[in-house]
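Sequential numbering of the sequence shown, starting at 1, is according to full-length UniProt numbering.
To start, the structure itself, in structure tokens.
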Amino acid sequence: MSLPPHYETPEEYFKECLQFFRDHQYLFSHPNTDILIHRILEKIAINDEDMQVFNENFDITAVEDDYLANFFVNLKKMQVCYEDVEEVLDGGVNMAVSPKKKHEIIYLAKEIEEMCEQVNCDTVVDFGSGLGYLDQLLFEKTKYRILGIECNDSHYVGAKVRQRKYYPNSTDYVKYIKHTVKEDSDENIRRFVQEKFENHRQFCITGLHACADLTIDAINLFLKMDEARAIVIMPCCYHKMVENCNSFRNFPLSTCLKDIFRKYNGSEYLKVPFLRVAAQPPFVDEKLEDLVFNLLSRAVLQEYAFKQNCKLKRKKRKAVKTKNMHNNFEIYLQDAVANGFDLIKKQSSNDSDKIENATFCVEEIMTIWNSMTSVTFKKAGILILLQNYLQPVIENFVLYDRLVYLKEKGVKYCKFKKILNIGVK
1 MSLPPHYETP EEYFKECLQF FRDHQYLFSH PNTDILIHRI LEKIAINDED
51 MQVFNENFDI TAVEDDYLAN FFVNLKKMQV CYEDVEEVLD GGVNMAVSPK
101 KKHEIIYLAK EIEEMCEQVN CDTVVDFGSG LGYLDQLLFE KTKYRILGIE
151 CNDSHYVGAK VRQRKYYPNS TDYVKYIKHT VKEDSDENIR RFVQEKFENH
201 RQFCITGLHA CADLTIDAIN LFLKMDEARA IVIMPCCYHK MVENCNSFRN
251 FPLSTCLKDI FRKYNGSEYL KVPFLRVAAQ PPFVDEKLED LVFNLLSRAV
301 LQEYAFKQNC KLKRKKRKAV KTKNMHNNFE IYLQDAVANG FDLIKKQSSN
351 DSDKIENATF CVEEIMTIWN SMTSVTFKKA GILILLQNYL QPVIENFVLY
401 DRLVYLKEKG VKYCKFKKIL NIGVK
């Protein structure tokens, strides 16, 4: 159930959500790296600045504080309760992936099998098939014919290499095609399926980690193709959806939400950082002190760069590894300056084509860090906790919009289902 029990209609739910998001937009209006630049923490108006935020028994929902009490009373109406998923993985499944991805593959395969049995599909078309882990497991369990479609050349080649090496008996039944799936790929997909499996009946569309707009493209392809009798898809990376003229191409999606979105000027505050909160996994095992250190350390660098009319450019994917730093900002700063970031001057129309990199002033950055009070650290902790509670509410809002869209298009049986518990590593 994705419509919270407090509401009777999608319109009522969408309206209250938008009112709540508008009132609390500062919690997600900017990237977390920019919280010092935009003075976000000053808007967290707690009464008790002696609040023991970092006590391991601290429960933010039970604090006697007007600001927090009001937040949680309103948030509670929008919460959806899902049953926990049984976390018993099939010990006989052997694949070189993380436990989390293994869990996702096994459970998604189970959902696909059940759906195909319901609608009498004998073929599965996998969008973004990667190295073929899902496809090979699904074939092993069901003997369905499977077409994996992948746009990344190395993944496409890798899937075929893995198949020849580990699954030679599947080569007649599991096929791979290199193709970029788009909303107008329906004729191509029909041709691919017909060429690879001449005697197929009906097929099910699937995708594990269907990033950004791929989930919406998959939905629209499902609606276009009569042969596609079902779709079982796991979305991710909502914040990477394509933007057009300060709005998203595929959010909002339903006519119902589009109308309410315009009325409440949703495009002014439901932007990329909002969708990033929807996509981020809640922090459940990490210590809050460590999360706050990571947040504020990066925010201090961002504020310094802003004051210098510069931008930061990462030198590597994980610019600074904080695991063994024991929350020591001097060590963090040394690594950030030496190995983590370049400081790039922002170009103006009067700048030459080539601008030399700016340099970091360690003393000035340390001054910014040392100017932060204990209240700043506490409010940063509260920001993280509030975003944790917001995450499932925002994600439900985004996904429910997609269900309403499907129902508007005449699809009667559609739902989303939790297959991963919070905290699965």
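The beta-carbon is built from N, C-alpha and C at its ideal position, and this holds for glycine as well.
Beta-bridge partners assigned by DSSP to L312: L343.
Distance from the CA atom of Y7 to the CA atom of K417, rounded to whole angstroms, is 19 Å. Annotated three-state conformation of H200 is coil, per DSSP. The segment 226-234 and the segment 101-119 touch, with no fewer than 3 CB-CB distances between them shorter than 8 Å.
By the C-beta criterion, the segment 273-287 is judged not to be in contact with the segment 315-322, since fewer than 3 inter-stretch pairs fall below 8 Å. In this structure, the alpha-carbon of L333 lies about 17 Å from that of R317. Taking C-beta separations shorter than 8 Å and ignoring five residues to either side along the sequence, the partners of N250 in its chain run D213, I216, M241 and V242, following chain order. Annotation for C116: D122, V124, T142, Y144, C204 and A230 place their beta carbon closer than 8 Å to its own, counting only its chain and skipping 5 residues before and after. D186 is the residue among T180, R191, V393 and D186 whose C-alpha sits nearest the C-alpha of F222.
Judged by DSSP secondary structure, L27 falls outside any alpha helix (DSSP H); it is assigned neither H nor E.
Note on geometry: alpha-carbon atoms of L131 and L406 lie some 30 Å from one another. DSSP places I35 in the coil class of the three-state scheme, outside both helix and strand. Here P235 carries a strand assignment [DSSP, helix/strand/coil]. DSSP places D153 inside the alpha helix (DSSP H), whose first and last residues are D153 to Y166. By the 16-neighbour rule on beta-carbons within 10 angstroms, Y413 is exposed. Here the C-alpha atom of A380 lies approximately 50 Å from the C-alpha atom of K165. With a beta-carbon spacing of about 12 Å, Y167 and G148 fall beyond the 8 Å limit used to define contacts. No residue range can be given for D213, since it is assigned to no beta strand (DSSP E) and is classified by DSSP as neither H nor E. Counting only runs of 4 or more residues that sit fully inside the segment 240-306, the alpha helix (DSSP H) segments are 255-263 and 272-279, in chain order. Burial state of V300 is buried, judged by a 10 Å Cβ sphere holding 16 or more other Cβ atoms. For the options F127, I146 and G128, the alpha carbon positioned closest to that of Q136 is the one of I146. Within the DSSP bridge table, the entry for F127 names I149 as partners.
For the pair L208 and S374, the Cα-to-Cα distance works out to about 43 Å.
Rounded to the nearest whole angstrom, the C-alpha separation of M51 and K378 is 8 Å. Taking each of Y400, L399 and M372 in turn and checking the Cα distance to I35, the smallest one comes out for M372. For I40, the secondary structure class from DSSP, reduced to helix, strand or coil, is helix.
Y176 is bridged by DSSP to G148. For A228, the beta-bridge partners assigned by DSSP are F203.
Of the residues assessed, N32 falls on the buried side of the cut-off, its CB having 16 or more other CB atoms within 10 angstroms. Going by C-alpha positions, K409 is about 26 Å away from P392. Spanning the alpha carbons of R314 and Q302 requires a straight line of approximately 12 Å. Closest by C-alpha distance to G128, out of Y173, S170, T180 and E113, is T180. Under DSSP, A358 shares a beta bridge with L343.
Spatial neighbours of G340 in its own chain (CB-CB distance under 8 Å, excluding positions within 5 residues in sequence) are listed in chain order as R314, K315, K316, A319 and V320.
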